[in-house]
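Quick notes on the structure that follows.
In full-length UniProt numbering, the protein residues as written are 1 to 177.
Put into structure tokens, the structure is as follows:
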């Protein structure tokens, strides 16, 4: 649905007003990913009142924005688009931010599917990290530390967050499992 594209684009403004993540390198990938997360969170929110709106199974971005109807990105399997990376070990500075967003997209997907977690709960800690812990130049590990700290701030179990990030090769040095 077109609302997801709107949610994605508006979330870039949210990021600009809070963490100010630079639109290059790993911070650019995190910036792009946060907007992808917001698009999914919006679909999830709308589907609570309108169950027909989103089935909760289609974790893709941009299908409605292109003539082919093919998704631009897959949060559940970033590499499915043939370009995006889903693991930090695949990162190089030469990659575009839309491609490097796959690392945090996959971590978000994994976290939202952990026992006791949901899309809204996972998005809450991402929002809090963006507002309170991320800075303009943020690397994957630093940004993961922020998400873990946002989880601790809410008195929630940080273990699922640490595990989700570990699955995509991101380890916060201060919160190793």
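The beta carbon of each residue, even a glycine, is placed where N, CA and C say it ideally should be.
Per the C-alpha coordinates, the member of 137, 87, 35, 85 positioned closest to residue 62 is 35. DSSP places residue 45 within a helical segment (H, G or I) once states are collapsed to three. In its chain, beyond the 5 residues on either side, 31, 35 have a beta carbon closer than 8 Å to the beta carbon of residue 12. Pairing residue 102 with residue 118 gives a Cβ-Cβ distance that is not under 8 Å. Rounded to the nearest whole angstrom, the CA to CA distance from residue 7 to residue 174 is 32 Å. Put simply, the backbone Cα of residue 66 is about 31 Å away from that of residue 169. In the three-state reduction of the DSSP assignment, residue 50 falls in the coil class.
Our two residues, residue 21 and residue 28, have alpha carbons roughly 7 Å apart in a direct line. When DSSP assignments are scanned along the stretch 66-113, the uninterrupted stretches of alpha helix (DSSP H) that are 4 or more residues long and fall wholly within it turn out to be 97-100, 102-112. Judged by DSSP secondary structure, residue 160 falls within the alpha helix (DSSP H) whose first and last residues are 159-167. Distances from the CA of residue 163 to each of 135, 137, 154, 109 were compared; the closest alpha carbon is that of 109.
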